[in-house]
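Taking it in order: structure first as structure tokens, then the write-up.
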Amino acid sequence: MSGNEPISVIVDDGGITLNGKTIETNSSHIFIHDSHSEAKDERIVTRTVDATSVRTVTVRTDFGAIAVEPSTGSARIGVAATITLGENNLSSADQTKYLSGFTIPDTVDGDNYTARVVPPADLPDEVRWNVSYRVTVPPSVALDLKSENGSVVVRDTKTIGKILARSEFGAITVANAGTTVDAQTENGSVTIESKEKRDSVLARSQFGAISVSGPARTVDVKTENGAVSIDGAANAEKVTARSSFGAINLEKVGGTVDAQTENGAVHYSGTPKALTLQSEFGAIAAELYDCATLKDATLKTTNGSVTVILPASASVNITGDTGNGKIDTSGFPANITGDSFKKSVKASLNGGKAPMSLSTEFGSLTITARQ
């Protein structure tokens, strides 16, 4: 195996597979030496744990990635830890010696199993080491994952419990896993997707985009610097989206919707029960498929246009105003009145059941009908 060859390790009930080849071994230890590295060696340590009594799997690493995938065994947890030594003055023989002392305990504490690596007791304090984890789990366990410096990825585990994912510097991805997802990173993107309905999704990032797709009862996302995208939460009860610097795009989203950004455009489509779209610097556009359940709507920006597309049967009471811009209602087949300067507009459509406020300081207002 060359030092540049990708390494793939699979740990399950069938044993250990390295780069597609089954390895026969009487221990849980695999050694890999990178001959192209001046002062680095690697070791992959594996462990299989009985998950019969486990309800939560915890993984922590200071420097390294975490990847979680489904287990082929219904009551087995597989752990593959890639240990890398940092720069050091050790001889090749000493590196191999110390790496051979790293172990993964299989002790289950109550209903929790913590995947962790224990270094050898005689490892010199000045020798730093990093560890990345690949863990396979059954769907019966919840996940508590955190990397200080590295990505966190959970895919296709169909976990029925909660997934808690944290990273200080790294992206987070949760795909087709968890009924409840709480994903937060200080620096990196957050991507959450699922074909099955989730109970709740919470996502946070200080510096990074957030993308959520698939059905969920509640969605709550916030980023300080980055775009927000939410798609497919048509039957949600509540959807909240925040960005300080970034656009917000909501497609096929329902329920009580509140989307606000300080710098960026806001786009919405769906059937809301209540709708709040706001931006300080950016256009706002909303297409409402149906207004039968709408209680109220507010579309507001300081700098940008406001466009709303309504079904012809919409029962809404519209009030709109612009400080510096035009109002265009020519695309809506109803009697809409405005002032002589076209700076404000009022309309009670089909009985005017739900109040709808449209406003901008610098930009145009457009009201049109769905085709």
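Its first residue numbered -17, the sequence shown is counted upward by one per residue in the numbering used here.
Idealized CB from N, CA, C, for every residue including glycine.
For residue i, the nearest candidate out of the options (CA to CA)
| i | options | result |
| --- | --- | --- |
| Phe151 | Thr43, Ser330, Ala336 | Thr43 |
| Asn71 | Ala157, Gly264, Asp23 | Asp23 |
| Gly264 | Gly46, Asn285, Ala215 | Asn285 |
| Ala157 | Lys204, Phe189, Tyr115, Val50 | Val50 |
| Ala296 | Asp303, Thr283, Ala198, Gly334 | Gly334 |
| Lys325 | Arg148, Gly307, Arg98 | Gly307 |
| Thr311 | Ile174, Ile349, Lys255 | Ile349 |
| Thr161 | Ile266, Ala216, Thr200 | Thr200 |
| Thr118 | Val100, Val39, Asp107 | Val39 |
| Pro52 | Ile300, Ile142, Thr301 | Ile142 |
| Glu178 | Val288, Val123, Asp138 | Asp138 |
| Ala351 | Val183, Lys282, Asp272 | Asp272 |
| Pro102 | Ser122, Asn169, Leu67 | Leu67 |
| Ser171 | Gln188, Leu184, Arg180, Ala256 | Gln188 |
| Ala256 | Phe45, Ala336, Val183 | Ala336 |
| Val41 | Asn169, Thr96, Gly313 | Thr96 |
Close-in-space but distant-in-sequence residues of the same chain around residue i (CB under 8 Å, 5 per side omitted)
| i | result |
| --- | --- |
| Ala394 | Here the chain covers residues -17 to 353 and nothing more, so residue 394 does not appear. |
| Gly353 | Here residue 353 turns out to be Gln, not Gly, going by the sequence shown. No residues qualify anywhere along the chain. |
| Ile145 | Ala124, Leu125, Leu127, Val136, Val156, Ala159, Gly160, Thr162, Val163, Asp164, Ala165 |
| Ala216 | Pro197, Lys234, Val235, Gly236, Gly252, Thr253 |
| Pro121 | Pro52, Thr139, Lys140, Thr141, Ile142 |
| Asp107 | none |
Sequence-distant residues of the same chain with beta carbon closer than 6 Å to residue i, five excluded per side
| i | result |
| --- | --- |
| Ser211 | Ser193, Asn231 |
| Thr280 | Thr258, Ser339 |
| Lys204 | Arg186, Arg224 |
| Glu233 | Asp213, Ser251 |
| Phe344 | Asn285, Asn306 |
| Leu105 | Tyr80 |
| Thr222 | Asp202, Asp240 |
| Gln166 | Arg148, Arg186 |
| Asn8 | Note that Asn8 has pLDDT 35, beneath the 50 cutoff, so the model's placement of it is unreliable and no number is given. |
| Leu270 | Leu292 |
| Thr253 | Gly236, Tyr271, Asp272 |
| Val288 | Ile266, Leu281, Leu340, Thr342, Leu347 |
| Gly46 | Asn112, Val113, Ser114, Gly132 |
| Glu206 | Gln188, Ser226 |
| Arg180 | Thr161, Ala198 |
| Ala21 | Low local confidence applies: a pLDDT of 37 at Ala21 is under 50, so the model's placement there is unreliable, with the coordinate-based value given in what follows. Closer than 6 Å at Cβ, skipping near neighbours: Glu69, Asn70. |
| Phe314 | Ile349, Thr350, Ala351 |
| Glu168 | Glu150, Gln188 |
| Thr78 | none |
| Lys220 | Thr200, Gly237, Thr238 |
| Gly302 | Val327, Leu340, Leu347 |
| Val249 | The displayed chain sequence assigns His, not Val, to residue 249. Excluding sequence neighbours, His249 sits near Asn231, Ala267. |
Supposed contact pair residue j and residue i - C-beta distance, whole angstroms, cut 8 Å
| i | j | result |
| --- | --- | --- |
| Ala268 | Val290 | 5 Å |
| Arg48 | Val134 | In the sequence on display, residue 48 carries Ile and not Arg. Right, their Cβ atoms sit about 5 Å apart. |
| Ser341 | Lys282 | 5 Å |
| Ala62 | Arg98 | That pair is no contact at about 13 Å. |
| Lys328 | Ile300 | 7 Å |
| Ser346 | Thr304 | 7 Å |
| Val100 | Val36 | No, Val100 and Val36 are not in contact; Cβ-Cβ is about 19 Å, not under 8 Å. |
Sequence-distant residues of its chain with Cβ nearer than 7 Å to residue i (five each side left out)
| i | result |
| --- | --- |
| Gly92 | none |
| Ala218 | Ala198, Arg199, Thr200, Val201, Val235, Gly236, Gly237 |
| Ser195 | Glu175, Asp213, Gly214 |
| Ala274 | none |
C-beta neighbour in chain B for residue i, strict 8 Å
| i | result |
| --- | --- |
| Gly345 | Absent here is chain B; the protein component of the structure consists of one chain. |
Near the ligand ADP: residue i beta-carbon under 7 Å from a heavy atom
| i | result |
| --- | --- |
| Ser35 | You won't find the ligand ADP in this model; it holds no ligand whatsoever. |
Report task. Kindly confirm or deny that the region 140 to 156 and the region 73 to 89 touch, where touching means at least three C-beta pairs closer than 8 Å. Result -> no
**Report entry** Touching by the beta-carbon criterion (3+ pairs, under 8 Å), the region 57 to 71 and the region 31 to 48
**Finding:** Yes: at least three Cβ pairs fall under 8 Å.
Query raised in the report: Could you give the uninterrupted runs of the beta strand (DSSP E) lying entirely in the region 72 to 153, keeping only those of 3 residues or more?
Result: 94 to 97, 111 to 119, 124 to 131, 134 to 137, 144 to 151
Query raised in the report: Which parts of the region 242 to 325 are runs of the beta strand (DSSP E), unbroken and 3 residues or longer, counting only runs that do not cross its ends?
Result: 248 to 252, 254 to 263, 266 to 270, 278 to 285, 288 to 292, 298 to 306, 309 to 313
**Report entry** Three CB pairs or more closer than 8 Å across the region 127 to 140 and the region 103 to 111
**Finding:** no
Report task. Give, in chain order, every unbroken run of the beta strand (DSSP E) that is at least 3 residues long and sits entirely within the region 140 to 219. Result -> Listed in chain order, the complete beta strand (DSSP E) runs (minimum 3 residues) inside the region 140 to 219 are 144 to 151, 154 to 157, 162 to 169, 172 to 175, 180 to 189, 192 to 195, 198 to 207, 210 to 213.
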